[in-house]
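Enquirer:
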Amino acid sequence: MVSGSIFEVEEFMMQHVPGQNQGKITLYALSTCGWCGRTKKFLDNLGAEYSYVYVDLLQSDEKRSIVDEVRRWNPRCSFPTVVINDEVSVVGYNEQKIKKAIGI
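So for the sequence shown, my numbering puts the first residue at 34; every next one is plus one.
#1: Give me the residue from 112, 110, 98, 84 with the minimum Cα distance to residue 57.
#2: How big is the Cα-Cα spacing for residue 97 and residue 103?
#3: Is residue 76 buried or exposed, if buried means 16 or more other CB atoms sit within 10 Å of its CB?
#4: State the start and end residues of the unbroken alpha helix (DSSP H) segment that holds residue 72.
#5: Would you give the residue range spanned by the beta strand (DSSP E) that residue 116 belongs to?
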């Protein structure tokens, strides 16, 4: 396990939403962000299985690790950021891009 990486802290911070497996979907969001809420609701409506974390609710060390991970996919570190299969990211609320990335 890589120290300080998302893989080490993920199990403690990520919330899992059960649903249909459409690949590994991870949503990085802020609890106060309207677009993040819409993205989460969109994933819920799709019935997709996914994990999410509200970055603003994390403690400083955890937040630093997650922000570093978000920056890998989105250098501006804006929210929401959706990562699909550790291969593709969708920045912002964009239903069509999310659907395309998960293959529906």
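Virtual Cβ for every residue (Gly too), placed ideally from N, Cα, C.
Expert: Looking at the atomic coordinates:
#1: Considering only 112, 110, 98, 84, the residue with the shortest C-alpha distance to residue 57 is 84.
#2: 10 angstroms
#3: Residue 76 should be labelled buried.
#4: Annotation for residue 72: the continuous alpha helix (DSSP H) segment containing it runs 67-79.
#5: 114-117
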